[in-house]
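In my numbering, the protein residues as written are 13 to 471.
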Amino acid sequence: MINEQQTSVPQVPTHWLFGCVPEFRKDALDALMNYATYGDVVKVRYGLLVDLIKRQRGTAAYLLSHPEDIKHVLATNDRNYRRIEFPPAAKRVFGQGLITSEDPLHRKQRRMTQPYFHRQRIVSYAEIMVQKTQQHIQGWRDGATVNVAQEMMQLTLSVACKAFFNMDLTDKTNELTRAVTVGQHHIIRQFRSFIAMLTPEFIPTKNNVRFRKAIRKLDDTIYGIIQTRRASGERPNDVLSMLLDARDEEGHPMSDQQVRDETLTLFLAGHDTTANALSWTWYLLSRHPEVESRLLGELKEVLSGRLPTVADVPKLVYTEMVFAEALRLYPPGYLLSRTALGNDLLPGGITIPQGADVWLCPYLVHRDPRVWPEPERFDPERFNPEAKEGRHLYAYFPFGGGSRMCIGESFAKMEGVLLIATIAQRFKMTLLSGQTVVPEPLVTLRPKHGVQVQLCKRS
Ligand code: HEM
Numbered sequence: 013m014i015n016e017q018q019t020s021v022p023q024v025p026t027h028w029l030f031g032c033v034p035e036f037r038k039d040a041l042d043a044l045m046n047y048a049t050y051g052d053v054v055k056v057r058y059g060l061l062v063d064l065i066k067r068q069r070g071t072a073a074y075l076l077s078h079p080e081d082i083k084h085v086l087a088t089n090d091r092n093y094r095r096i097e098f099p100p101a102a103k104r105v106f107g108q109g110l111i112t113s114e115d116p117l118h119r120k121q122r123r124m125t126q127p128y129f130h131r132q133r134i135v136s137y138a139e140i141m142v143q144k145t146q147q148h149i150q151g152w153r154d155g156a157t158v159n160v161a162q163e164m165m166q167l168t169l170s171v172a173c174k175a176f177f178n179m180d181l182t183d184k185t186n187e188l189t190r191a192v193t194v195g196q197h198h199i200i201r202q203f204r205s206f207i208a209m210l211t212p213e214f215i216p217t218k219n220n221v222r223f224r225k226a227i228r229k230l231d232d233t234i235y236g237i238i239q240t241r242r243a244s245g246e247r248p249n250d251v252l253s254m255l256l257d258a259r260d261e262e263g264h265p266m267s268d269q270q271v272r273d274e275t276l277t278l279f280l281a282g283h284d285t286t287a288n289a290l291s292w293t294w295y296l297l298s299r300h301p302e303v304e305s306r307l308l309g310e311l312k313e314v315l316s317g318r319l320p321t322v323a324d325v326p327k328l329v330y331t332e333m334v335f336a337e338a339l340r341l342y343p344p345g346y347l348l349s350r351t352a353l354g355n356d357l358l359p360g361g362i363t364i365p366q367g368a369d370v371w372l373c374p375y376l377v378h379r380d381p382r383v384w385p386e387p388e389r390f391d392p393e394r395f396n397p398e399a400k401e402g403r404h405l406y407a408y409f410p411f412g413g414g415s416r417m418c419i420g421e422s423f424a425k426m427e428g429v430l431l432i433a434t435i436a437q438r439f440k441m442t443l444l445s446g447q448t449v450v451p452e453p454l455v456t457l458r459p460k461h462g463v464q465v466q467l468c469k470r471s
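Given below as structure tokens:
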């Protein structure tokens, strides 16, 4: 039973039986924004049904909106928190990979993987990023209309596969990104529907059948990557070789299942988030010609029409600011969740009871008008060095924080800058009229129906 110590936390009125689920099903972002109006810490009940399923009275999440409390949970006292219990579909996809595992496995795997994402190391990935982008946009025709969200998924997937696994998957990216979408919908369906959550995977419902097909596609691809490498006997210095060659203290290699889980985790986390961030960037740029024209000015000054290299990245300051601002408005990891292992006193004075979940929502905190004046306005100047000075580090956390901070942050930032610089110099994108681009909060924050644009080749 949850051990409540504080009574002064505002509690959001939710359905007595279904808790916050109906509101999340309707519009999760709207629900979160609404909850936060009750205070910097608010309690959101899960309802009697979850109480019964978990055999625990008063199951609830605490939504934290103050940067100091967020820092406390993610970094200062992160030992008191674990990842929330994932629904079966998420466990099926990610297994015991870096995103889902807990200590001591997580610490061990993270220590092993970390060197492959160090700043010095990712420099070698820059060439792959630019080369894959150039190849991809060679297929783009002047005047054509494309769904740029789909294009970005395919592009970042081919970059991740080449960089992490030395594999060219360019011809398969379409079917793979479709499988990822099916997986995301199924995971979220289980989060937001008790029936979906409690229906075992072997029962052949329409959704289960689609999900199983998608998982098979992803598994076949990942096991294919692993087997090809094993059979080749080659060991290029990449993440996959590291996973295959790793030995524990007793000299045992990782099990096939563990290699699969880590590989699939990097495969998914390494492309989907960045693709969404870039899709939002193109959407915002196409709606803000003044920002676009400043961006083009910088690209002209630094690159004069040539392709960017890693040495250009530090000079592409405004380009990075544009990407950072897109991540503020549409953070792909829009909701981070934890479960408290013990009672915990937050810096704001409220105690999180043992067993309660904690929600940290970058989408919400990035729109707090106390920190971000006119929060809905797209303004990359928020990220110039003076503007950043004095701002709380955790008022902006698109990559999380603490021991579970995104391992791919430097990779993603460099990829963002290089892809924007390469593409924006060659093509202008104009939003097609008649579409409404709205965020869809799945596992990541995606543009619901994609972003349809017309391409115009720049001379
Ligand atoms: C713009 C792009 C990206 C964004 C916005 C993003 C965001 C995040 C966030 C918010 C977390 C923390 C989740 C939490 O604390 O609950 C995270 C974790 C993670 N990210 Fe990223 N990410 C991005 C790109 C990447 C890339 C390129 C990789 C490369 C493989 C990656 C791999 C991971 C992994 C493995 C974790 C789990 C880390 C751990 O728990 O130790 N991400 N990411």
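We put the beta carbon where it would ideally sit given N, CA and C, even for glycine. All values derive from a computational prediction rather than experimental measurement.
Annotation for residue 209: the continuous alpha helix (DSSP H) segment containing it runs 206-210. The count of Cβ pairs closer than 8 Å, one atom from the segment 194-201 and one from the segment 302-322, stays below three, leaving the stretches out of contact. Residue pairing by DSSP places residue 157 opposite 466 in a beta bridge. Closest in alpha carbon position to residue 62, among 30, 83 and 44, is 30. In the structure shown, the three-state DSSP call for residue 258 is coil.
Apart from the 5 residues on each side of it in sequence, residue 77 sits with its Cβ closer than 7 Å to the Cβ of 48, 52, 376, 377 and 380 in its chain, given in chain order.
Look at residue 137 here: in three-state DSSP terms it is helix.
Rounded to the nearest whole angstrom, the C-alpha separation of residue 123 and residue 153 is 44 Å. Remark: the shortest separation between the CB of residue 107 and any heavy atom of the ligand HEM does not fall under 7 Å. Look at residue 108 here: in three-state DSSP terms it is coil, with no helix or strand label. Out of 277, 426 and 286, the CA that lies nearest to the CA of residue 328 is found in 426.
Note that the segment 387-401 touches the segment 334-344; at least 3 beta-carbon pairs, one per stretch, sit closer than 8 Å. For the pair residue 165 and residue 287, the CB atoms are nearer than the 8 Å cut-off. Taking 7 Å as the cut-off, one finds no heavy atom of the ligand HEM near enough to the beta carbon of residue 134. Counted as a single uninterrupted DSSP element, the beta strand (DSSP E) harbouring residue 372 occupies residues 369-372. Segment contact: the segment 414-432 against the segment 110-127, three or more CB-CB distances shorter than 8 Å; contact assigned. Around the CB of residue 130, fewer than 16 other CB atoms lie within 10 Å, so the residue is classed as exposed. The C-alpha of residue 26 lies about 14 Å from the C-alpha of residue 42. When the alpha-carbon of residue 50 is set against those of 33, 57, 97 and 22, the nearest one is in 22. For the 8 Å CB-CB criterion, residue 257 and residue 247 form a contact.
For the set 464, 431 and 458, the Cα lying nearest the Cα of residue 148 is the one of 431. Going by C-alpha positions, residue 255 is about 11 Å away from residue 273. Exclusion of the five residues before and after residue 410 leaves 339, 343 and 374 as the residues of its chain whose Cβ lies within less than 6 Å of its Cβ.
Taking 8 Å as the cut-off, the beta carbon of residue 140 is found no closer than this to the beta carbon of residue 105. Residue 210 and residue 265 have their C-alpha atoms some 35 Å from each other. With a cut-off of 7 Å, the C-beta of residue 110 is classified as near the ligand HEM, since at least one heavy atom of the ligand falls inside that distance.
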